[in-house]
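Numbering (this note's numbering), first residue to last: 161 to 775. All C-beta atoms, glycine included, are put in the ideal place defined by N, C-alpha and C. Below is one structure; the comments refer to it alone.
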């Protein structure tokens with residue numbers, strides 16, 4: 161049995177009214193040092209076309225304006241590096257190919273510190289791993305490397321990479337009492353759809369000291385800590401703006417609010433979406449993707465009435481276009497959660513013989529947490545606009561990601577009206593990646609703002625699978641690397657087609673996979689997308705795949721290195737995580753090592769071993 165509680169008629173939310181159940185226009189006004197002033201357009205001069213065009217590794221066909229890039233020409237690929245840098249790359253990549261060094265990297269580093277002492281160990285790291293993958297200790301130290309990369313056609317995504325563990329001694333998050341848990345959570349109608357991964361859990365922080373060796377979350381014991389993280393991101397934005405005219409700055413949402421709240425909010429969002437899927441299955445539409453499912457209002461009213469619902473479902477959609485068409489889709493359904501003042505005012509369900517809310521009502525404190533997170537995001541967006549920088553919101557674990565994506569989407573709806581300022585990240589190793597991309601593109605279409613995405617394969621596979629097995633829910637990860645490749649190309653092709661149709665979408669192809677890069681270039685040529693439009697970007701990590709990044713930059717494509725920086729001892733956890741995440745790539749970096757050897761031998765044979773890049 162399911163009851164429908166009568167609710168006031170809702171007007172379709174405009175872009176300026178999004179999320180008004182938590183936010184008013186006043187709540188996002190900022191004052192004092194963080195006031196970015198009135199939000200204005202960013203002129204096209206703030207997003208110039210990339211430098212370069214037709215180095216020795218490129219060829220342009222006059223008739224079709226197609227540009228081809230050769231990733232085998234080592235002279236062009238490594239012209240920004242001296243021979244010592246090439247030799248360092250060889251040594252580091254070779255060491256990273258040994259599984260035991262990657263798996264035991266933390267223990268080895270601790271031993272190294274004990275034997276060598278702090279100063280000698282830091283110097284050794286600067287000569288090897290830190291020097292390979294990190295730009296420097298602060299925004300002043302990183303400037304020479306950024307300027308050198310820009311001179312050779314490669315921009316930067318700055319990331320202040322100091323990370324914090326959540327201590328294994330940290331108390332477990334507050335569990336909700338049974339009275340606040342709805343029937344849907346306990347396996348009732350529409351509830352048994354895999355929300356387990358979003359439940360508050362003792363391993364909320366996914367501590368890196370555990371078996372997963374997972375990725376970081378920021379330990380936000382109080383709001384002051386979140387404000388400190390925001391200040392750090394502001395410095396990063398200013399450093400990016402001061403180093404190049406068209407850079408990015410990376411931010412983590414778990415640094416701007418309590419991870420426990422993100423987990424709880426993700427649970428609410430997932431449950432709401434799962435209930436839509438449940439209703440679609442009752443109409444025989446469970447064989448299609450979520451983005452394609454539409455509910456017939458007549459059938460929905462009939463089903464709810466038979467289930468014991470009280471009230472008129474049509475009242476929810478009075479005055480909406482959907483009432484005329486007689487159907488609603490997932491975006492219409494999601495708009496209800498944006499627009500109502502009380503989460504519990506919409507649906508009530510039987511819970512152990514009594515009526516209870518399908519979705520848990522947020523406390524006043526939780527609503528305030530949401531406001532503060534969005535206020536911090538708004539401050540960062542305004543600083544980004546002032547400095548001609550775009551914000552790249554990093555993806556995190558799947559049990560945080562629904563909330564992270566939702567909050568990022570709300571900021572995109574506010575700030576991506578005139579130009580793409582905020583980029584969301586989509587992890588294509590997830591089974592639901594395509595549906596999420598398709599739904600967000602469709603929402604941007606309807607509301608008229610710039611869709612902006614970074615596509616990655618994903619960084620938390622081992623951690624996610626361990627958690628799924630431990631908590632007993634379906635593995636959210638694609639079964640193998642090839643299926644992830646297919647998902648990545650499917651999402652990429654969808655966004656490229658959208659760009660070709662209306663030039664209102666933007667995508668960063670963040671990949672070290674040469675086949676994926678070649679696929680993107682081929683599709684750009686087919687669709688008539690040119691590098692100078694600045695709609696399609698490429699990205700790789702600093703210190704990896706220079707044979708892809710620099711030929712692309714010299715051919716005029718917008719390409720960026722993900723540039724971490726920070727003090728040696730504080731950035732080492734970042735390097736440890738990257739080693740774990742990219743263990744498969746490091747093992748398979750045989751081609752890159754071969755190209756490095758080939759260039760060193762070429763320089764030796766031609767008397768250029770002492771070559772120094774000129775810029």
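Inclusion of residue 238 and residue 626 in the CB contact set at 8 Å is not warranted, their separation being larger than that value.
Unbroken beta strand (DSSP E) stretches of 3 residues or longer found wholly inside the segment 537–561: 550–553, given in chain order. For residue 710 against residue 313, the beta-carbon gap comes to about 7 Å, under 8 Å, which counts as contact. For residue 466, the enclosing alpha helix (DSSP H) begins and ends at 457–466. Ranked by how close their Cα comes to the Cα of residue 226, the residues 429, 725, 455, 680 have 680 in first place.
The way I'd put it, the segment 446–463 doesn't touch the segment 552–561; fewer than three beta-carbon pairs between them come closer than 8 Å. With a 10 Å radius around the Cβ and a threshold of 16 neighbouring Cβ atoms, residue 280 comes out exposed. Less than 8 Å divides the Cβ of residue 416 from the Cβ of residue 536. In the structure shown, residue 296 adopts coil according to DSSP, grouped into three states. Comparing C-alpha distances from residue 703 to each of 309, 542, 229, 399 shows the shortest one belongs to 309. Per DSSP, the continuous beta strand (DSSP E) segment holding residue 699 begins and ends at 696–701.
In this structure residue 249 is buried. Its beta-carbon is surrounded by 16 or more other beta-carbon atoms within 10 angstroms. For the set 775, 316, 593, the Cα lying nearest the Cα of residue 451 is the one of 593. Where residue 584 is concerned, the enclosing beta strand (DSSP E) starts and stops at 582–587. Between residue 410 and residue 282 the beta-carbon gap is near 24 Å, outside 8 Å, which marks them as no contact.
Residue 757 sits exposed, since fewer than 16 C-beta atoms from the chains shown fall within 10 Å of its C-beta.
Going by beta carbons, residue 398 and residue 547 fall inside the 8 Å limit. For residue 272, the enclosing alpha helix (DSSP H) has its first and last residue at 265–276. Here residue 302 carries a coil assignment [DSSP, helix/strand/coil]. Per DSSP, reduced to three states, the secondary structure at residue 733 is helical. Annotation: residue 705 to residue 391 spans about 32 Å, alpha carbon to alpha carbon.
Put simply, the segment 263–274 does not touch the segment 292–311. Fewer than three CB pairs are less than 8 Å apart.
Taking the Cβ atoms as the reference, residue 588 lies roughly 4 Å from residue 648, within the contact range of under 8 Å. Of the residues 407, 590, 533, 549, the one whose Cα lies closest to the Cα of residue 566 is 533.
A Cβ-Cβ contact shorter than 8 Å links residue 243 with residue 769. If you ignore the 5 residues before and after residue 732, its C-beta comes within less than 8 Å of the C-beta of 269, 285, 290, all in its own chain and listed in chain order. Each residue's CA atom was taken as its position, placing residue 575 and residue 387 some 21 Å apart. For residue 721, the enclosing beta strand (DSSP E) starts and ends at 719–725. Apart from the 5 residues on each side of it in sequence, residue 299 sits with its Cβ closer than 7 Å to the Cβ of 395, 399 in its chain, given in chain order. At a Cβ-Cβ threshold of 8 Å, residue 656 and residue 687 count as neighbours. Counting only runs of at least 4 residues, the segment 637–669 fully encloses the following alpha helix (DSSP H) elements, listed from N- to C-terminal order: 641–662.
Considering only 401, 618, 631, 630, the residue with the shortest C-alpha distance to residue 637 is 618.
Excluding residues up to 5 positions away in sequence, 554 lie with their Cβ nearer than 6 Å to the Cβ of residue 412 in the same chain. Taken through DSSP and simplified to helix, strand or coil, residue 487 comes out as strand. In the structure shown, residue 308 falls within a helical segment according to DSSP collapsed to helix, strand and coil.
In the DSSP annotation of this structure, residue 597 is not part of any beta strand (DSSP E); the continuous alpha helix (DSSP H) holding it starts and ends at 593–607.
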